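S.K.: Sharing a structure, written as structure tokens. Questions coming.
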Amino acid sequence: MSINLNLNIINQLSITEIIFIIILILSFCDQIFFYLLYYSRLKPYLNNNIPPYSCEKPLSVIISAKNEAKNLKKSLPLVLNQDYPDFEVILVNDGSTDNTSEILKEFSKTYNNLKIINIEQSHGKKEALSIAIQNSSHEYLVFTDADCYPLSEKWLSTISSKFSEKKQIILGYGAYEKQTGFLNGFIRYDTFLIALQYFTAANMGVAYMGVGRNLAYTKKTWIKTQGFESHKNILSGDDDLFIIQAATYENVEICLDSDAFTYSIPKKTLHSFVKQKSRHVSTSSKYKFINILFSAGELISRSVFFISAVILLAFGNLTLFILMLLTIRIIIIYTSGYYLRKKLKNKIKFHFYILFDIFAPIFYLGVFAFKLLTFNKKEW
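The sequence shown maps to residues 345 to 724 in the numbering used here.
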């Protein structure tokens with residue numbers, strides 16, 4: 345009886361419904377493949393067998409700051425007080441109009457390893473970073489932002505331990521502070537998924553980005569790549585476009601040790617977060633196909649899955665089947681990533697994960713619309 349009923353339902357389907365069912369199933373399989381690939385590639389990093397830290401490499405920590413006086417009061421001492429034998433901190437005051445200069449003068453009285461470079465007229469973050477690199481004393485460079493701070497005093501020792509003769513670029517994890525509210529939860533969710541994508545790509549030998557909040561590479565690598573010269577006129581790209589050019593199959597290492605995490609202060613309003621993401625996606629036109637596949641493939645697949653599911657639900661013939669696929673998908677992607685989210689100290693409750701999962705495609709559609717229609721101001 346049930347077999348005859350199922351056959352009757354199938355016979356009632358239109359060509360349009362059949363096409364969308366095929367699209368739904370293919371996008372569902374694609375989604376599951378993405379997530380299982382991501383988590384399986386990063387599973388080896390979940391263990392705690394961390395080798396002893398090596399503190400033999402003198403480091404230059406580079407920070408560019410523009411009107412970040414308030415944030416520097418909190419973040420800079422945590423950088424300057426790292427438990428590391430030989431490092432300098434080069435801070436570029438990039439045309440600040442607040443009291444950044446006064447704050448830095450006070451810090452320089454206490455810390456003799458702080459090197460301050462003042463730039464009167466800002467020409468963008470890439471120019472500021474280039475000046476800092478050129479004035480650095482050491483071969484090994486570590487980058488973070490003025491509104492970021494390391495989670496541990498072992499940040500530099502952990503990052504430096506990943507350098508080797510082959511590994512010349514180290515991708516760290518830059519998280520955001522946990523605060524209350526939907527926006528903060530979504531920012532942390534989005535940060536986790538982006539990290540999942542670029543860490544997996546790097547693990548597979550096709551690194552396409554890191555985050556300037558927590559990144560390290562050698563000066564030799566920067567010189568060999570001619571710095572940011574090929575994309576100097578693009579607002580963003582000091583991390584992703586540089587990595588695309590500098591990375592090889594063998595020279596990138598990822599660092600998921602909790603001692604190496606940095607935390608940033610998240611945006612407070614949806615508008616400011618959309619504006620931030622608009623700057624980030626401005627580099628996407630320079631991505632290769634494999635880079636786009638890792639950075640946007642999952643989101644595109646997810647959007648197709650949701651759209652086809654909604655269309656089929658409107659037809660009303662396969663409601664139970666569609667709801668079953670939706671349920672299976674969210675359970676798989678949530679449970680399979682639980683331990684990695686725990687490793688990255690980014691736990692997200694199940695009901696919020698469902699909301700963020702649905703909201704993300706809508707949000708990024710808004711980001712691209714914002715970028716195309718209104719975002720053309722050249723500032724960092």
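Virtual Cβ for every residue (Gly too), placed ideally from N, Cα, C.
Since the model is a prediction, treat every value here as computed from it, not as a measurement.
1. According to DSSP, simplified to helix, strand and coil, what is Asn558?
2. Counting C-beta neighbours from all protein chains within 10 Å, is the total for Val726 16 or more, i.e. buried, or is it exposed?
3. At what residues does the beta strand (DSSP E) containing Val433 begin and finish?
4. Return the CA-CA distance between Leu717 and Gly529, expressed in angstroms with no decimal places.
5. Under the assumption that Tyr683 contacts Leu390 (Cβ atoms under 8 Å), give the Cβ distance between them as a whole number of angstroms.
6. Going by CA-CA distance only, name the one from Asn558, Leu435, Ile376 that's closest to Asn456.
7. Using a threshold of 8 Å, state whether the C-beta atoms of Glu483 and Thr562 are closer than that.
8. Which residues mark the beginning and the end of the alpha helix (DSSP H) in which Ile365 is found?
9. Confirm, please, whether the CB-CB distance from Arg385 to Met548 is below 8 Å.
10. On a Cα-Cα basis, can you pick out the residue from Ala590, Leu656, His575, Phe487 that is closest to Thr606?
11. Count Cβ pairs between the stretch 564-575 and the stretch 597-611 that sit closer than 8 Å; are there 3 or more?
12. Nearest to Ala591 by alpha carbon, out of Lys715, Thr569, His467?
13. Candidates Leu688, Ile675, Asp701, Gln620: which alpha carbon is nearest Ser647's?
14. Less than 8 Å between the C-beta atoms of Gln620 and Leu500, yes or no?
15. Could you compute how far the alpha carbon of Ile347 sits from the alpha carbon of Tyr520?
16. List the whole-angstrom C-beta distance separating Ala539 from Phe638, where the pair is believed to meet the contact cut-off of C-beta under 8 Å.
17. Just curious, the alpha helix (DSSP H) that Asn528 is in, first and last residue?
18. Can you give the Cα-Cα distance for Arg532 and Phe526, rounded to whole angstroms?
19. Grouping DSSP H, G and I as helix and E and B as strand, with all else coil, what is Glu597?
20. Quick check: the Cα distance between Lys715 and Ser626, rounded to an integer number of angstroms?
21. Quick one: grab the DSSP three-state call for Leu349.
22. Once you ignore the five residues that flank Glu642 on each side, which residues in its own chain have a CB closer than 6 Å to its CB?
23. Nearest to Ile460 by CA position, among Leu495, Lys511, Leu424, is which residue?
24. Around the C-beta of Asp430, are 16 or more other C-beta atoms found within 10 angstroms, so that it is buried, or is it exposed?
25. Below 8 Å, how does it come out for the stretch 363-374 and the stretch 663-683: are there three or more Cβ pairs, yes or no?
26. Is it the case that the Cβ atoms of Ser480 and Ile407 are separated by a distance below 8 Å?
27. Could you tell me the distance, in whole angstroms, from the CA atom of Lys722 to the CA atom of Glu594?
28. Quick check on the burial criterion: 16 or more other C-beta atoms within 10 angstroms. Buried or exposed for Gly571?
29. Taking the alpha carbon of Asp534 as the point to measure from, which residue in Gln356, Ile362, Ala713, Phe703 has its own alpha carbon closest?
30. Under three-state DSSP, which class holds Ile578?
31. Let me know the secondary structure DSSP gives Leu688 once reduced to three states.
M.R.: Working from what's here:
1. If you number the sequence shown from 1, residue 558 lands on position 214. In the displayed model, Asn558 falls within coil according to three-state DSSP, outside both helix and strand.
2. Only positions 345 to 724 of the chain appear in this structure, which leaves residue 726 out of reach.
3. Within the sequence shown, residue 433 is the residue found at index 89, counting from 1. Residues 431-438.
4. Within the sequence shown, numbered from 1, the residue matching residue 717 stands at position 373. Within the sequence shown, numbered from 1, the residue matching residue 529 stands at position 185. Rounded to whole angstroms, Leu717 and Gly529 show a C-alpha spacing of 27 Å.
5. Position 339 of the sequence shown, counted from the first residue, corresponds to residue 683. Position 46 of the sequence shown, counted from the first residue, corresponds to residue 390. Confirmed, about 6 Å.
6. Here the question's residue 456 lines up with position 112 in the sequence shown. Comparing Cα positions, the closest option is Leu435.
7. Numbered from 1 along the sequence shown, position 139 holds the residue referred to as residue 483. Numbered from 1 along the sequence shown, position 218 holds the residue referred to as residue 562. Against a cut-off of 8 Å, the Cβ pair of Thr562 and Glu483 comes out as a contact.
8. Here residue 365 refers to the residue found at position 21 of the sequence shown. Note, Ile365: alpha helix (DSSP H), 359-386.
9. Walking along the sequence shown from the start, residue 548 turns up at place 204. Walking along the sequence shown from the start, residue 385 turns up at place 41. In contact: Met548 and Arg385 (Cβ atoms closer than 8 Å).
10. By one-based count along the sequence shown, residue 606 stands at place 262. Looking at the Cα atoms, Phe487 is the closest of the given residues.
11. Inter-segment contact for the stretch 564-575 and the stretch 597-611 is absent: fewer than three beta-carbon pairs are separated by less than 8 Å.
12. To locate residue 591, count along the sequence shown from 1; it is residue 247. Ala591 has its Cα closest to that of Thr569, out of Lys715, Thr569, His467.
13. Residue 647 sits at position 303 when you count from the first residue of the sequence shown. The option with the nearest alpha carbon to Ser647 is Asp701.
14. In the sequence shown, counting from the first residue as 1, residue 620 sits at position 276. In the sequence shown, counting from the first residue as 1, residue 500 sits at position 156. No, they are not a contact pair.
15. The sequence position of residue 347 within the sequence shown is 3, counting from 1. The sequence position of residue 520 within the sequence shown is 176, counting from 1. Note that Ile347 scores a pLDDT of 45, beneath 50, so its modelled location is shaky and nothing firm can be said.
16. As a first step, residue 539 is located in the sequence shown; it is residue number 195 there, counting from the start. As a first step, residue 638 is located in the sequence shown; it is residue number 294 there, counting from the start. Not confirmed; about 12 Å, so no contact.
17. Here residue 528 refers to the residue found at position 184 when the sequence shown is read from its first residue. Looking at the DSSP string, the run of the alpha helix (DSSP H) that includes Asn528 is 526-547.
18. For the purposes of this step, residue 532 is taken as residue 188 along the sequence shown, with counting starting at 1. For the purposes of this step, residue 526 is taken as residue 182 along the sequence shown, with counting starting at 1. Computed Cα separation, rounded: 10 Å.
19. If you number the sequence shown from 1, residue 597 lands on position 253. Three-state result, Glu597: strand.
20. In the sequence shown, counting from the first residue as 1, residue 715 sits at position 371. In the sequence shown, counting from the first residue as 1, residue 626 sits at position 282. Cα to Cα, the separation comes out at about 8 Å.
21. Position 5 of the sequence shown, counting from 1, holds the residue named residue 349. Interpretation of Leu349 is limited by its pLDDT of 41, a score under 50 that renders its predicted location unreliable; the figure taken from the coordinates is listed afterwards. Helix.
22. Taking the sequence shown and counting its residues from 1, one reaches residue 642 at position 298. So the qualifying residues of the chain are Phe378.
23. Residue 460 sits at position 116 when you count from the first residue of the sequence shown. Sorting Leu495, Lys511, Leu424 by C-alpha distance to the C-alpha of Ile460 places Leu424 at the top.
24. Position 86 of the sequence shown, counted from the start, is the residue given in the question as residue 430. Here Asp430 is exposed, its C-beta having fewer than 16 other C-beta atoms within 10 Å.
25. In this structure the stretch 363-374 touches the stretch 663-683; the number of beta carbon pairs closer than 8 Å is three or more.
26. As a first step, residue 480 must be located in the sequence shown, where it is residue number 136. As a first step, residue 407 must be located in the sequence shown, where it is residue number 63. If you check the CB distance, Ser480 and Ile407 do not come in under 8 Å.
27. Counting from one through the sequence shown, the residue named residue 722 turns up at place 378. Counting from one through the sequence shown, the residue named residue 594 turns up at place 250. Its pLDDT being 49, under 50, Lys722 is placed unreliably by the model, and the measurement read from it follows with that caveat. Approximately 35 Å, taken between the alpha carbons.
28. For the purposes of this step, residue 571 is taken as the residue at position 227 of the sequence shown. Answer is buried; the Cβ neighbour count reaches 16.
29. Mapped onto the sequence shown, residue 534 falls at position 190. Looking at the Cα atoms, Phe703 is the closest of the given residues.
30. Here residue 578 corresponds to residue number 234 of the sequence shown, with the count starting at 1. If DSSP states are grouped into helix, strand and coil, Ile578 belongs with coil.
31. Stepping through the sequence shown from its first residue, residue 688 is reached at position 344. Note: Leu688 maps to coil in three-state DSSP.
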